[in-house]
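Working notes, structure below.
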Amino acid sequence: FKDLSTVQSQVSSIAVGQQALAQSVNQLEVTLKELETKLAQTTGDVKTTLSRDVSEARRVLAELKARFEDQTRLDTEIHTIARRIERVLVGARTRGASGENILADAFNEFPPEMIDRDYRIGGRVVEYAMILPNKKRLPIDSKWSSMETIERIARETDPERIKRLEAEVEKEMERKVREVASYIDPASTSNIAIAAVPDAVYALCKRVHVEAFKKGVLIMAYSMVIPYVLALYHLHLQMAQSIDFENLEAYLTKIERSLDEMDRILENRIARVGTMASNAYTECKQILGSIRAATAYLRELPAKDTQKDEPLALGGSQDGGET
59 FKDLSTVQSQ VSSIAVGQQA LAQSVNQLEV TLKELETKLA QTTGDVKTTL SRDVSEARRV
119 LAELKARFED QTRLDTEIHT IARRIERVLV GARTRGASGE NILADAFNEF PPEMIDRDYR
179 IGGRVVEYAM ILPNKKRLPI DSKWSSMETI ERIARETDPE RIKRLEAEVE KEMERKVREV
239 ASYIDPASTS NIAIAAVPDA VYALCKRVHV EAFKKGVLIM AYSMVIPYVL ALYHLHLQMA
299 QSIDFENLEA YLTKIERSLD EMDRILENRI ARVGTMASNA YTECKQILGS IRAATAYLRE
359 LPAKDTQKDE PLALGGSQDG GET
């Protein structure tokens, strides 16, 4: 279950980055509150105008915090799913369940918004379809009906007969690839689909892999599918984080525009008046400086987080049996 542990550890590293980001957002909120306190000491049109800009900055900040709360929920969800699936796999091996049934049990642990069952694509129905971040589906077919041939190969001792039987398996695999390729639909699916097969079949079909890939089909042993799909789930998490960072850039731009407007008002309407107003001007400028420092730090975080991220191992261990 090395791949499951890899997914969990990498999600933990993302969560650490999210926590640092959330702390910075909270600090920004505290600083805005300080600015509001200072503005309460001013009067007239200046107070009204500055308060409006601060309110806009606070509104944008509230939207940003809501997005990070959603991301935290997703972090927790993938940890929970990975733990549940690990228990499913352990229990299935103990019971000696077939690989196809293990896949069904594991997919049952995914939330409804991440997996479709019996998904219809252009008049055809595929067993499973993982829901990707762009709402397209990744078709996954795990049906394999020719287990009798595999069992005959295991019993056979004549090398020539074994070769003929293996050729039959390859021919059946080629048929399966054509079937799975038909599930690929540019309008509603990803440009790849997964053909999940028993581990023994996977070991016999090495020649078919390249042609399958040309058709957009990945042939996978049952023991590889769950780690691979969890890796895609992890990529789903990363992409959601990336989208948040894109929104973060927009939010920060909005906040900075409000700060620019406050700067302009302070320079043009407060700096030139009496001592008390001058003191308020100085204090507000210091607070604005703190807010700008916080936004600059937040703006750098996406690049830092990207550099820390490590590639996720997708390979499942091959031990010659179905998981």
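Quick note on numbering: the sequence shown equals residues 59 to 381 in the working numbering.
Just so it is clear, CB atoms sit at the ideal spot from N, CA and C, and this is done for glycine as well.
The structure displayed is predicted, hence computed values, not measured ones.
*When DSSP labels each residue in this structure, what does D216 get in the three-state scheme?*
coil
*Give me the Cα-Cα distance between D228 and R195, rounded to the nearest whole angstrom.*
A small fix is needed here, since residue 228 is Glu in this sequence, not Asp. Taking the straight line joining both Cα atoms gives about 27 Å.
*Helix, strand or coil for R151 per DSSP?*
Note that R151 scores a pLDDT of 49, beneath 50, so its modelled location is shaky; the value from the coordinates is reported in the next line. Note: R151 maps to helix in three-state DSSP.
*Using three-state DSSP, classify I242 as helix, strand or coil.*
Three-state DSSP puts I242 in coil, outside helix and strand.
*Helix, strand or coil: which one does DSSP assign to V283?*
helix
*Ordered along the chain, which non-local residues of its own chain (more than five positions away) have a Cβ less than 8 Å from that of I250?*
L196, I242, G274, V275 and L276
*asked:* Closest to P170 by C-alpha separation, out of R178, I208, I189 and I211, would be which residue?
replied: I189
*Look up I250 in the DSSP assignment and say whether it is helix, strand or coil.*
coil
*If you draw a straight line from the C-alpha of A239 to the C-alpha of N192, how long is it?*
20 Å
*When the distance is taken between beta carbons, is Y177 closer than 9 Å to A187?*
yes
*Can you give me the Cβ contacts of V183 inside the same chain, cut-off strictly under 8 Å, excluding the 5 residues immediately before and after it?*
D176 and Y177
*To the nearest angstrom, how far is it from the Cα of Y260 to the Cα of M278?*
Whole-angstrom Cα-Cα distance: 7 Å.
*From the DSSP output, which residues share a beta bridge with P197?*
A187
*asked:* Using 9 Å as the threshold, is the C-beta distance between S200 and A254 below it?
replied: yes
*Can the beta-carbon of E443 be found closer than 9 Å to that of T207?*
Because the chain spans 59 through 381 in this model, residue 443 falls outside it and cannot be assessed.
*asked:* Less than 9 Å between the beta carbons of A258 and V235, yes or no?
replied: No, Cβ-Cβ distance for A258 and V235 is not below 9 Å.
*Proximal residues to I220 (C-beta, below 8 Å), its chain only, five neighbours per side dropped*: I211 and E214
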